[in-house]
Amino acid sequence: MSSLKGWKDLPPATTVPASTSEAVETGQWRSMRPVWDEEKCIHCLQCWIQCPDKSIKANADGKVTGIEYFYCKGCGICAAVCPKNAIEMRPEAEFIEQ
Amino acid sequence: MPRKDITSGNWAVAEAMRQINPDVVAAYPITPSTDIPMKFSEFVADGLVDTNLVTVESEHSAISACLAASVSGARVMTASSANGVALMHEIFPIAASYRAPIVFGLVNRCLGAPINIHCDHGDSMAERDSGWIHIYCEDGQEVYDTMIMAVRIAEHKEVLLPVFVCQDGFITSHCFEPVEFLDDEQVTKFIGERDPLLPLLDVDNPVAYGSLALTDYFFEIKRQQIEAMKHVETAYNDVAAEFARVTGRNYPVVDKYRTEDADYIMVIMSSAAGAAKETVDKLREQGHKVGCLRIRLFRPFPAKAIVDALKGAKGIAVCDRAASLGAPAPLFTEIKGALYDAGVHIPANTYVYGLGGRDFFPHNAEEAFMDLINKKMSTGERYLGLRE
Ligand code: SF4
Ligand code: SF4
C-alpha cells in the first residue's frame, strides 16, 4: 500500500494525466503464463496476429523473439492458435520468485 | 437598467439561461420542468443565444451529453423533474466525481406511483448523496437569482461540483409573479468566462476521465469529493455577497425569519416557507414568540448556521415535503444530527406535509406551531394535511 498515493496527491476529478494503455501493466492480471519454445516455432506469426495485447514480440524480419509479460494477461489465445504447440500455458504460481 | 416583469419560475430559469448563454444545453422535457427547455429552445431558434441545444431521446442521454460537454470544457445547463431526475440518477454521481460544474434547474415533483405531476421533494431528496450541491428556492425571484449565482459556485476553483437549483413544481414553476431581471451585461460580467480545470479538448494536456479505480484508489477519490463539499459554503458566501452588492438581494445559506428571539421555530424548505412566515406574523401579533428557519442550502448541509439559528429555541417543528419510508424524514434527520453534534438538546417534532402536491396552508403551519406552544411534543412522526 505504501507506494499508493493519498487523496491529497491524486490528480483531481478522476483524471489520469497523459493517459495511455502503454503505461498500464495488464500483466498483473495473468494467472497462466504462455511459455514460448523457440525450437518448435516456425514463425508463422499466427500468435502475433491473434494476441489481443500486442504481447508477442517480433522483429523486422518477421521472426518471433519472445513474449512481453508486462502486457500479457494470460488469455491463452496464442497457445490455442499455434499450429506447432510451441506455446505452453503454465500456472503463474510456478514462476513466483522465492 | 434592471427590468421587472411578471413571469413564472420556469421562465425565470429560461431567462437566466438566455443571459448566461451556456455553450451546451442537453435536455428532455418532463412536467413540470418542460417549460424551461421549451422556452430556451425559442431563444435558440430566435438566435438569441449561441448555445448548442442537444435534443436527446431520454433524460439519461440528456445528462450524459451534459457531462461529456462539461468535461470537454463547455458551460452546461439542463433541467428536469421527478422520473426524469430518477432516470438520470446513474450519471449524477459520475458528474460529481468528474467535478463537472453543470447547473441544473430541478423542478421538484413527486416520484410515482401513483402517477402524479405535482410537487414534493422526493425526487431531489433521492439524490442527496449523489455528490451535487442542492439549493432550494422559495419563489421565482430567488430561482432566477440562484441560477446565476449557481454558475459561479459550481465553477469555483475550490468547488467544481454540479448544482441543483430546486424550485417547487407548479407552485413556483408555473406561478406568475414579479421578478426583477439583471441586464444581460450585468449577468455576463458577474458569471465571467468558464476557465475549465482539465478540459478534454485541451489536446496539449491530455487526460482521461473516469478510469478504473478499484480497491486501490476509489476511496481516495471519494475523499477528494468530500473535501470539495467542505469548500462550498465559503464559496457560496463569497458569491452571495458579491451578488448582493450587485443586486441588493441577499441569500444566506439559511433564511432566518423572526428567529432571533423566537421560542418556537418552524424549519422548512422552498415555497411552503411563505405560509409559514405568514403564520409567524399572525402568531406574533397574538404575542407568541415564533419564527421560521428556511433551509436554502441542503447539500452541503450548513449545520453550524442551522444550530446557531435554533439553539436558543424551546421547541422546533421540522417540516419535510418528503418521506424516508421506514425512517425519519430527511430534513428532520439532518437537523437532529446537527443539534446532537453541537450538544444542543431541543424538543423537536417532525412533520411530513405536502406529498404529491397536497397544499400547505397557513392553518397547517399554525397547527404545528400550536403543538410547540402547547408543549405537545413527541418523537413519532406527524403529518400536516393528511386525512386519517
Ligand atoms: S496469453 Fe494472450 S495476451 Fe499473452 S501473449 Fe498469448 S495471446 Fe497474448
Ligand atoms: S503461432 Fe506458434 S509457430 Fe506460429 S509464430 Fe507463434 S509460436 Fe511460432
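The listed protein sequences correspond, in order, to chains Y and L. According to my numbering, the first sequence is numbered sequentially starting from 943. According to my numbering, the second sequence is numbered sequentially starting from 285. Idealized CB from N, CA, C, for every residue including glycine. Quantities reported herein were computed from a predicted structural model and do not represent experimental measurements.
Given the structure, does residue i come close to ligand 1, in the sense that its CB is under 8 Å from one of the ligand's heavy atoms?
i           : result
Gln-992(Y)  : yes
Cys-983(Y)  : no
Arg-972(Y)  : yes
Met-513(L)  : no
Pro-377(L)  : no
Pro-1025(Y) : no
Ala-1021(Y) : yes
Tyr-1013(Y) : yes
Met-1031(Y) : yes
Cys-421(L)  : no
Cys-394(L)  : no
Cys-1017(Y) : yes
Ile-386(L)  : no
Ile-1009(Y) : yes
Check whether the Cβ of residue i lies closer than 8 Å to any heavy atom of ligand 2, and answer yes or no.
i           : result
Lys-996(Y)  : no
Ala-1028(Y) : yes
Val-1006(Y) : yes
Cys-986(Y)  : yes
Cys-989(Y)  : yes
Trp-978(Y)  : yes
Which chain L residues are close to residue i, counting only those with a beta carbon under 8 Å from its beta carbon?
i          : result
Pro-954(Y) : Arg-383, Leu-444, Leu-481, Leu-482, Gln-508
Val-958(Y) : Val-491, Ala-492, Ser-495
Using a C-beta to C-beta distance shorter than 7 Å, which residues of chain L count as neighbours of residue i?
i          : result
Gly-948(Y) : Glu-504
Using CA coordinates, which residue listed in the options is at the minimum distance from residue i?
i          : options                                        : result
Asn-577(L) : Ile-399(L), Val-551(L), Glu-477(L)             : With the sequence shown as reference, residue 577(L) is identified as Leu, and Asn is not the correct amino acid for it. Per the Cα distances, Val-551(L).
Thr-617(L) : Met-654(L), Phe-582(L), Gly-396(L), Ala-593(L) : Phe-582(L)
Asn-633(L) : Val-487(L), Ala-649(L), Gly-331(L), Asp-625(L) : Ala-649(L)
His-344(L) : Phe-327(L), Pro-377(L), Arg-529(L)             : Pro-377(L)
Met-409(L) : Tyr-667(L), Phe-448(L), Pro-321(L)             : Phe-448(L)
Met-372(L) : Asp-479(L), Arg-383(L), Ile-347(L)             : Ile-347(L)
Ala-298(L) : Arg-287(L), Phe-327(L), Ile-314(L)             : Phe-327(L)
Glu-967(Y) : Phe-1012(Y), Thr-957(Y), Trp-978(Y)            : Phe-1012(Y)
Val-584(L) : Thr-543(L), Pro-646(L), Leu-615(L), Ala-611(L) : Rather than Val, the amino acid found at residue 584(L) in this sequence is Pro. Checked all of Thr-543(L), Pro-646(L), Leu-615(L), Ala-611(L); the closest Cα to Pro-584(L) is Leu-615(L).
Ser-269(L) : Ser-354(L), Leu-351(L), Ala-366(L), Ala-349(L) : No answer is possible for residue 269(L): it lies beyond the span of chain L, which begins at 285 and ends at 672.
Ala-370(L) : Cys-350(L), Ser-342(L), Ser-381(L), Ala-352(L) : Ser-342(L)
Gln-470(L) : Pro-446(L), Ala-497(L), Asp-429(L), Thr-499(L) : Asp-429(L)
Thr-957(Y) : Ala-652(L), Arg-383(L), Ser-414(L), Pro-646(L) : Arg-383(L)
Ala-512(L) : Asp-539(L), Ile-417(L), Lys-598(L)             : Ile-417(L)
Pro-286(L) : Ala-353(L), Ser-381(L), Asp-404(L), Leu-466(L) : Leu-466(L)
Gly-453(L) : Lys-595(L), Thr-499(L), Leu-482(L), Gly-389(L) : Gly-389(L)
Pro-586(L) : Val-537(L), Met-553(L), His-572(L), Lys-573(L) : Val-537(L)
Asp-604(L) : Arg-580(L), Met-553(L), Ile-590(L)             : Met-553(L)
Lys-598(L) : Arg-359(L), Ile-630(L), Phe-324(L)             : Ile-630(L)
Pro-313(L) : Ala-352(L), Ala-363(L), Gln-303(L), Val-333(L) : Ala-363(L)
Ala-593(L) : Ser-608(L), Val-530(L), Val-574(L)             : Val-574(L)
Lys-620(L) : Val-387(L), Ala-652(L), Ile-590(L), Ile-419(L) : Ile-590(L)
Cys-394(L) : Arg-580(L), Arg-359(L), Asp-407(L)             : Asp-407(L)
Phe-688(L) : Ile-455(L), Asp-479(L), Val-435(L)             : The first residue shown for chain L is 285 and the last is 672, placing residue 688(L) beyond what the model contains.
Is residue i near ligand 4, going by C-beta to nearest heavy atom under 8 Å?
i          : result
Pro-959(Y) : Among the ligands in the structure shown, ligand 4 does not appear; only ligand 1 and ligand 2 can be found there.
Using 8 Å as the Cβ pair cut-off and three pairs as the minimum, do the stretch 432-451 of chain L and the stretch 511-520 of chain L touch? yes
Stretch pair the stretch 417-427 of chain L + the stretch 461-474 of chain L: three plus CB contacts closer than 8 Å: yes
With a threshold of 8 Å, are at least 3 pairs of Cβ atoms found where one atom belongs to the stretch 980-999 of chain Y and the other to the stretch 1021-1039 of chain Y? yes
Cβ contact (3+ pairs, closer than 8 Å) linking the stretch 539-549 of chain L and the stretch 472-483 of chain L: no
With three or more beta-carbon pairs closer than 8 Å as the criterion, would you say the stretch 293-311 of chain L touches the stretch 334-350 of chain L? yes
Are there three or more Cβ pairs, one per stretch, closer than 8 Å when the stretch 492-510 of chain L is compared with the stretch 553-573 of chain L? no
Is it a yes or a no for the stretch 289-297 of chain L touching the stretch 989-1001 of chain Y, going by three-plus beta-carbon pairs under 8 Å? no
Should the stretch 390-408 of chain L be called in touch with the stretch 635-648 of chain L, which here means at least 3 C-beta pairs below 8 Å? yes
Touch check for the stretch 496-510 of chain L and the stretch 532-546 of chain L: three-plus C-beta pairs under 8 Å? no
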